[in-house]
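A short worksheet on the structure shown next.
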Amino acid sequence: MPQKYISVTRRTKMKRTSEDGQSKLPDNTALKQQQLPAYRLQLSATGVLSCFFATGVFCLGMGIILILSAKSIKEIEVLLSLLTFREFTKAFLFTVSSCIQDVGNCAPFSKSHDGTPIAPCGAIANSIFNDTIILSYKLNSSIPIKVPMLRSGITWWTDKYVKFQNPSSINLSSAFAGTTKPPCWAKPVYELDGEDPGNNGFLNDDFIVWMRTAAFPTFKKLYRRLNRIQYFIEGLPAGNYSFNITYNFPVTRFKGEKSVVLSTLTWSGGSSLFLGLVYTVTGAVTWLASFSMMAVHLTLKDRKVSNAEIPESLPFLTFHL
Amino acid sequence: MFCSEKKSLEVERIVKANDREYNEKFQYADNRIHTSKYSILTFLPINLFEQFQKVANAYFLFLLLLQLIPEISSLTWFTTIVPLVLVITMTAVKDATDDYFRHKSDNQVNNRLSEVLLDSKLQNEKWMNVKVGDIIKLENNQFVAADLLLLSSSEPHGLCYIETAELDGETNLKVRHALSVTSELGADFSRLAKFDGIVVCEAPNNKLDKFTGVLSWKDSKHSLNNENIILRGCILRNTSWCFGMVIFAGPDTKLMQNSGKTKFKRTSIDRLMNTLVLWIFGFLVCLGIILAIGNSIWENQVGDQFRTFLFWNEGKKNSLFSGFLTFWSYIIILNTVVPISLYVSMEVIRLGHSYFINWDRKMYYSGKSTPAEARTTTLNEELGQIEYVFSDKTGTLTQNIMTFKKCSINGKIYGEVRDDMGQKTDITKKNEPVDFSVNPQADRTFQFFDHRLMESVKLGDSKVYEFLRLLALCHTVMSEENSAGQLIYQVQSPDEGALVTAARNFGFIFKSRTPETITVEELGTLVTYQLLAFLDFNNIRKRMSVIVRNPEGQIKLYSKGADTILFEKLHPSNEDLLTLTTDHLSEFAGEGLRTLAIAYRDLDDKYFKEWHQMLEDANALMDERDERIAGLYEEIERDLMLLGATAVEDKLQEGVIETITSLSLANIKIWVLTGDKQETAINIGYACNMLTDDMNDVFIIAGNTAVEVREELRKAKENLFGQNRSSSNGHVVFEKQQLELDSVVEETITGDYALVINGHSLAHALESDVKNDLLELACMCKTVVCCRVTPLQKAQVVELVKNCRNAVTLAIGDGANDVSMIKSAHIGVGISGQEGLQAVLASDYSFAQFRYLQRLLLVHGRWSYFRMCKFLCYFFYKNFAFTLVHFWFGFFCGFSAQDVSDQSSMDYPQLYEPGQLNLLFNKRKFFICMAHGIYTSLALFFIPYGAFHNVAGEDGQHIADYQSFAVTMATSLVIVVSVQIALDTSYWTVINHVFIWGSVATYFSILFTMHSNGIFGMFPNQFPFVGNARHSLTQKCIWLVILLTTVASVVPVVVLRFLKMDLCPTLSDRIRQRQKAQKKARPLRSRRPQTRRSSSRRSGYAFAHQEGYGELITSGKNMRAKNPPLTSGLEKTLYNSTSWIENFCKKTTDTVSSFSQDKTVKL
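These protein sequences, in sequence, are chains A and B. Quick note on numbering: the first sequence equals residues 471 to 791 in this note's numbering. Quick note on numbering: the second sequence equals residues -19 to 1143 in this note's numbering.
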């Protein structure tokens, strides 16, 4: 216990000590005195109700538009075999590094049995979708025309030009020398596309699309875009089409499914009915809520008025900040 | 630590003077004190140990350890360690600074110099080097270094005067005297050095008013009591020097024994948070188990098929083990429900509020230019939860200034101010005080507003003369002229000072006294009265009288005392006057004034002589001396003629009544704990409107034994619960029933009760078996006053309420005697701007005036609490919303831990904005927040899930990848919680706008930065989200999803609030408000108590006087004979030493003026 007369230096952390006692007087600023001009957000009944009606109208409208546009999408789904595929498991999720040396996250697909590093490493890369699908249009009953497909523009620009980079070397095969292909792959990474040499290595479009990991176990990925030339300027003309599929990607082993979908797009993308339906439901519910709130409010209004003379709480209990 | 071990062993203490070797055998503590908690070596381990006792810190440490295991970790370990280290370092630095100040003050105390007699000469020795058995010299106005046995002093008879304000809050001077054998030693160093007495006494203890011991010296034994001991913490006054032998030193001194331990204070929110953290941990464990079981099942059934595909055969883990690992990694992922940032934010909010307290101009006292100071920054929201306030009296509630306010003389009341209509009014600035300038000796500080008294004096009203004469004669005041020729009164009790000063200003100036005479200047004429007898005050008599012979030869007895006592002694002829005066007295008492009744008696010579002879005979008696003397006093103090009554105001601090009223409206109970006397304490209770005449009963517990106390408590309770229950049941049944009925009873007790308990009774009542009775009784009383309590008892009372009622307590005090209570209460408040600093140093908050307590609690406390609660609700809501999204995710992802939060944790910091957020926080509220959070998380997860299921982007590209999904959810989350906070913000100020808009803006800027090419180029491994935000947020459908999520999350909340506002709580609010309005109206009325006088008259008698001064005066012990005695009646020994009065005069010019001196001047 310190004794009384000891002039213990008082902590003056928030005070400017000076001879003039007045300087200890706190500043009279609105902030320090907690008296900033404040606007009180008053949820008035009419305000809330009109807000609700507006929201309801908006949601209903949006819902109907979305449903209509979703309906306008023409979609043909061809069930090939099984494509339900759990991509998103822990082992799959390790981000693929464009840097071969970094193998930290690639286990168990970082090195092959003999110790050579796998490129690209990781489970996702290993499980690449490598079926080839060729769509043919039967112009006549006899001549099948191969529908021209664009393999460009199926990736995100940033993925293709920023994220994924090939090792800088004149020859891809030499750049990947000393590495081995992932165990499930038929070809090494630098020979993915036999037709287009620029579409090899990590910059292969199919590879990039595959590497953009889906969020859900069931997913759709863009395979090709229609090249609108010749017969196909107006899109796919009505007629008979046939698929020629090289089955490389096994799904039976994990009881998966896969299918090919031909689809058109709308302003909001290939949106499903879900969003439109939920919008409609939300709009309807909001309207219902608004009506019930209004009913409750109106019935209670009289009661409230009769008690209006009761004083507000004590003045110092109000908030300022 | 070691001392306490030893203490428990120490049964008695043997100390030999001037013999360090001998005393060393016993290993008594030296005079070094430690109030600090740590030393350099022990700081780290002890502080860390303390910090990790906090559940949250331990929890984070545990998480950190988990994250260090690579199999489990899904977050990098530094995401936890950085904030944890930060939090712990911050706290440690704060603790270290606090302790540094304690070290500093300890050092200052320990390095004080005191003069120790070593080798026959005085040597300066640091306090810490003073040992038990040393003889030390003290000088005037010095603090006493240790508990000393007084050996000799400069004053006659080895007297010395001490001020014990630091110990018990009493500012009266107290007298201590040395044994006559030792007082002969004087200041003779050689004799003192040879003094080798052995003191055998009690072991160190905390009883301030008890000491028993025996001094053996020169083959004889002398018993020692408290009167021979000067305690550490006292100040020597009016004594130029004294010598003392150290009996107890350092931690063994009674002062240190009374100081409570510094405790680590935590708010109840903190404690609630601890519980919640445990709950949440349990919740996480449940979630983790669900997900782990799910994982195991999936692993078993589905995973097998993948294994071949994924090459998992090699690192074959069985599904149970996989589930086990998944469990731990989910624990880590889900820890975001209670992120460490919550604790950091809480501290930041508290710090902000502390600054608001410091900045508050309305708590700045210009009189002493002291702003309020939040000395602890972690307790602010607790200020909004206070249930009990424990207040000291002297210096906190009162200014310790006594002023003569009113008097009733011969049935006429003086001192009231009447307006032109003859109505009583308050004294305002407009009222002209009585002009005393005609009287050159008048005290300038004295103000009186009723001119009629001065007129009566001028008119020569004989009763008024007699009244004022009595005031000038019947007292123990000593007078002296200072260097400026001004008359200075040295008073032993401030009440007397007020009365004598009043008489002085009205022309009856007490000039001087000798053991046999009192000289008074009566309206300009010097009159010397012969003091024939002095019938001293004591607590039983409650009165004092003097018998004087005036120059005309008449013998008169002048008496003043408690009205209840004095009125019984009146002559029957006083009937009418008695009724009138009684009315006046109750009026005075009703205003909280301290009253004394005043009476005189004419004695005839013969009768007095006989009586005096009998008194002398009685004095010579060996047996039953006191009884005989008391009987004789009774005998002569009868047939008194009533003169009137005086009313002295113990001036309250400004705004005390208003503060107490509004605090009680806020349902805060105020207990007064004071070291002062019962009467004084009760009087202040009435003055503060804490006790009122309206009260059904005031229970006074003043028993001296455990049995008495128990009986008194039982009676009080019976009274409280009504006769029927207690009488119809036996005691045992009664107790049993009581337990069951306690809750019912507490509600059914109607009416206001008050409890007054004194220190002796409290000591017994605090024993375990009576403790609960006391507490129960006390808690049902509206007001509790504890008087004559020691500092430690104050702390015990606080502890009792704190522990047994689970209530939040606040203690407020100004002196060293309040330190232990300040330390043990949840919140300690010190009154700053006073001389002593201990209370402030031990406190959590300090300000200069009691009235600021109102603002501290009702404004700052409430705001802090509301804001903190709102913040916590919001925080938990947000975190549940955020974290549970992971949980839902888990269901659709093969129950394996995700990496998503890596991204999300960077979107995180701007999700919460502390300081803005203002609701009450309890377990129920917590569950509401949790449910709200869960709902939001469902909306946040399932709407994007449904929308993204099997869709493609505008350009047909993939949008359902996990990164886009994460961006969509995070953006929705930020928008939903921002809308939520906007709805929660009661008042929009600039700051709110800045933070809310700012946080949304910050989110987007951080998002785009994280997802930019540049940052990917720099750290490709840490930020693999390149282009994500840009890509996702340009998609219309993603915005549609975000919008829908927001609407779906917010609409139900608004609907519920709207309905809540309309339906249920308005009703209860209305009732509450109505009650408030009613309650508010009532005390406003009661603020003018005199206007509604009730029939029950109570005594306003409260006289801060002590026994023994009469004897001192008549023996002349405390006087130096300047003038030889005028009469040679009774032989008195007179000493020619330096008089205390001279000291006193010297002292008044001292810059270091003490409280009592201030008071004297003001009087």
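Just so it is clear, CB atoms sit at the ideal spot from N, CA and C, and this is done for glycine as well.
Can you check which of these residues, LEU612(B), ASP415(B), GLU607(B) and THR763(B), is closest to ILE680(B) by C-alpha distance? If we check each option's Cα against that of ILE680(B), THR763(B) comes out closest.
Open item on the list: Less than 8 angstroms between CB atoms is the rule here; does LEU745(A) satisfy it with respect to chain D?
Closed with: Although the question refers to chain D, the structure presented lacks it and instead comprises the protein chains A and B.
### Message
Using a 10 Å radius around the Cβ and a threshold of 16 neighbouring Cβ atoms, would you call GLN7(B) buried or exposed?
### Response
Looking at its Cβ environment, which holds fewer than 16 other Cβ atoms inside 10 Å, GLN7(B) is exposed.
| message | When you compare the CB of PHE984(B) with every CB in chain A, is at least one pair closer than 8 angstroms? | response | So, not an interface residue.
query: Along chain B, in chain order, which residues have C-beta atoms closer than 9 angstroms to that of ASP497(A)?
result: In chain order: TRP339 and ARG341.
I need the straight-line Cα distance from GLU634(B) to ARG831(B), nearest angstrom please.
Across the structure, GLU634(B) and ARG831(B) are spaced so that their CA atoms are roughly 7 angstroms apart.
query = Which term fits PRO652(A), buried or exposed, when burial requires 16 or more other beta carbons within 10 angstroms of its beta carbon?
reply = Buried, because 16 or more other Cβ atoms sit within 10 Å of the Cβ of PRO652(A).
query = Quick one, which residues of the region 942 to 973 of chain B are near chain A if we go by CB-CB under 7 angstroms, in chain order?
reply = Listed by position along the chain: TYR942, PHE945, THR965, SER966, TYR967, TRP968, THR969, VAL970 and ILE971.
In the DSSP assignment, the alpha helix (DSSP H) including TYR666(B) goes from what residue to what residue? From DSSP, the alpha helix (DSSP H) with TYR666(B) extends over 658 to 667.
_Against chain B, which members of the region 748 to 769 of chain A pass a CB distance test of less than 8 angstroms?_
Within the region 748 to 769 of chain A, those residues whose Cβ lies closer than 8 angstroms to any Cβ of chain B are, in chain order, VAL748, TYR749, THR752, VAL755, THR756, ALA759, MET763, VAL766 and HIS767.
Item to check | PRO614(A) - containing beta strand (DSSP E), residue span | outcome: For PRO614(A), the enclosing beta strand (DSSP E) starts and ends at 614 to 616.
**Item:** Coarse secondary structure for SER1012(B), derived from DSSP in three states
**Value:** Three-state DSSP puts SER1012(B) in a helix.
Runs of 4 residues minimum, wholly inside the region 474 to 505 of chain B: which ones carry the alpha helix (DSSP H) assignment? Assignment of alpha helix (DSSP H) within the region 474 to 505 of chain B, counting only whole runs of 4 or more residues, yields 474 to 485 in chain order.
*Buried/exposed call for GLN700(A), threshold 16 Cβ in 10 Å*: GLN700(A) should be labelled exposed.
- Does DSSP put LEU838(B) in a helix, in a strand, or in coil? In this structure, LEU838(B) counts as helix in the three-state DSSP scheme.
Quick check on the DSSP output: the alpha helix (DSSP H) that includes HIS973(B) runs from which residue to which?
Taken as a continuous stretch (DSSP letters only), the alpha helix (DSSP H) holding HIS973(B) covers 970 to 990.
Review point. What are the boundary residues of the alpha helix (DSSP H) that includes GLN960(B)?
Key: Residues 942 to 964.
### Task
Tell me whether LEU235(B) sits in a helix, a strand or coil according to DSSP, three-state version.
Of the three classes helix, strand and coil, the one that applies to LEU235(B) here is helix, per DSSP.
(message) If we define contact as Cβ-Cβ less than 8 angstroms, is GLU349(B) a contact residue for chain A?
(response) According to the sequence displayed, residue 349(B) carries Ser and not Glu. Under the Cβ distance rule, SER349(B) counts among the residues neighbouring chain A, one pair being separated by less than 8 angstroms.
On a CA-only basis, which of PRO614(A), GLN635(A) and ALA589(A) is nearest ASN714(A)? Give me that one, please. Looking at the Cα atoms, PRO614(A) is the closest of the given residues.
- [ ] With a cut-off of 8 angstroms on the beta carbons, I'd call SER741(B) and THR916(B) a contact; round off their distance for me.
- [x] With 8 angstroms as the limit, SER741(B) and THR916(B) do not qualify as a contact, their Cβ atoms being about 58 angstroms apart.
Review point. Going by the beta-carbon positions, is the gap between PHE123(B) and PRO184(B) smaller than 8 angstroms?
Key: No, they are not a contact pair.
Contact check, ILE116(B) vs VAL35(B) under 8 angstroms by CB: the rounded distance? About 50 angstroms separates the Cβ atoms of ILE116(B) and VAL35(B), ruling out a contact at the 8 angstroms cut-off.
(request) Would you kindly work out how many angstroms separate the C-alpha atoms of THR559(B) and LEU439(B), rounded to a whole number? (result) Using only the alpha carbons, I get a separation of about 26 angstroms.
Ignoring anything shorter than 4 residues, give me the alpha helix (DSSP H) runs that lie fully in the region 57 to 93 of chain B, in order along the chain. Those alpha helix (DSSP H) runs which fall completely within the region 57 to 93 of chain B and span 4+ residues are 58 to 90.
Handout entry: Closer than 7 angstroms at the beta carbon, the chain B residues around LEU506(A)
Key = Scanning chain B for C-beta atoms nearer than 7 angstroms to the C-beta of LEU506(A) yields THR969, VAL970 and ILE971, reported in chain order.
Answer with yes or no whether the minimum CB distance from ASP601(A) to chain B is below 8 angstroms. No - not a single Cβ of chain B is within 8 angstroms of the one on ASP601(A).
* Could you give the DSSP three-state label for GLU(-8)(B): helix, strand or coil? => In the structure shown, GLU(-8)(B) sits in a strand (DSSP, three-state: E or B).
To the nearest angstrom, how far is it from the Cα of VAL678(B) to the Cα of ILE737(B)? Between VAL678(B) and ILE737(B), the C-alpha separation is close to 10 angstroms.
| Under the three-state reduction of DSSP, which class applies to LEU331(B): helix, strand or coil? | DSSP places LEU331(B) in helix when its eight states are reduced to three.
Q) Nearest to PHE1145(B) by CA position, among ASP423(B), HIS973(B), VAL1021(B) and PRO413(B), is which residue? A) A query on residue 1145(B) cannot be resolved here, the shown segment of chain B reaching from -19 to 1143 and no further.
When you check each C-beta in the region 600 to 629 of chain B against every C-beta of chain A, which residues fall closer than 7 angstroms? For the region 600 to 629 of chain B, which is checked against every Cβ of chain A, not one residue is closer than 7 angstroms.
query = Around the C-beta of CYS266(B), are 16 or more other C-beta atoms found within 10 angstroms, so that it is buried, or is it exposed?
reply = That one is exposed.
Quick one: does HIS1011(B) have its CB under 8 angstroms from some CB of chain A?
-> Yes, its Cβ sits closer than 8 angstroms to a Cβ of chain A.
Open item on the list: Which same chain residues end up closer than 6 angstroms to HIS1160(B) when comparing Cβ atoms and leaving out the 5 residues on each side of it in sequence?
Closed with: This structure leaves residue 1160(B) out entirely; chain B is present only between -19 and 1143.
* Bridge partners - TRP843(B), DSSP secondary structure assignment -> TRP843(B) pairs with nothing; no bridge assigned.
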